[in-house]
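This report concerns only the one structure given below.
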Amino acid sequence: MTEQGPTAKPLGEMPVWEYRVIHINVDNNNPPAPPDPKVASERMGGKLSPEFISREFPQQYGPEQQAKAKAAPKHPAEQLQHFLNLLGKEGWELTTTTQVGQLLMFFFKRPLRPLPKQIAAAESKKDP
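Here the numbering used here = 1-based position in the sequence shown + 1472.
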């Protein structure tokens, strides 16, 4: 007789899980500012010009990124929902959340997936 569900095992065997922990910095006083090449240049004491930063790091500071930064950003709940849905598609189940200081911790688990037969066979040949 077996149990039902994604972790079905013969009765008496314990399911094996893998875990993933994600954290988010919860600092309500300082929301993150959009990337700004002028601010980045000032942080480095002017060693790199804003023009250089924009040109050399277009993924972070290019014109397209600046336009996106000026557009209305997604609400944090919508961003989190999107992220959680991506993990759910990978088979991760959110089991609990807890806050530790400024960190909001998310704990996920999913059944440990057995190795494909070819890999498992190769692994068993290595073991004496």
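For each residue, glycine too, the CB sits at the ideal point set by N, CA and C.
The continuous alpha helix (DSSP H) containing residue 1555 extends over residues 1548–1561.
Residue 1555 and residue 1494 have their C-alpha atoms spaced approximately 11 angstroms apart. DSSP places residue 1519 outside both helix and strand once states are collapsed to three, so it counts as coil.
As computed with DSSP, residue 1493 is found in a beta bridge with 1579. In the structure shown, residue 1565 falls within a strand segment according to DSSP collapsed to helix, strand and coil.
With 16 or more other CB atoms across the displayed protein chains lying within 10 angstroms of its CB, residue 1580 is buried. A distance below 7 angstroms separates the beta carbons of residue 1507 and residue 1533. Taking the Cβ atoms as the reference, residue 1498 lies roughly 5 angstroms from residue 1576, within the contact range of under 8 angstroms. Separation of residue 1492 and residue 1572 (C-alpha to C-alpha, rounded to the nearest whole angstrom) is 16 angstroms. With at least 16 other beta carbons inside 10 angstroms of its own, residue 1564 counts as buried. Annotation: residue 1506 is outside any alpha helix (DSSP H) and is labelled neither H nor E by DSSP. With a beta-carbon spacing of about 12 angstroms, residue 1586 and residue 1487 fall beyond the 8 angstroms limit used to define contacts.
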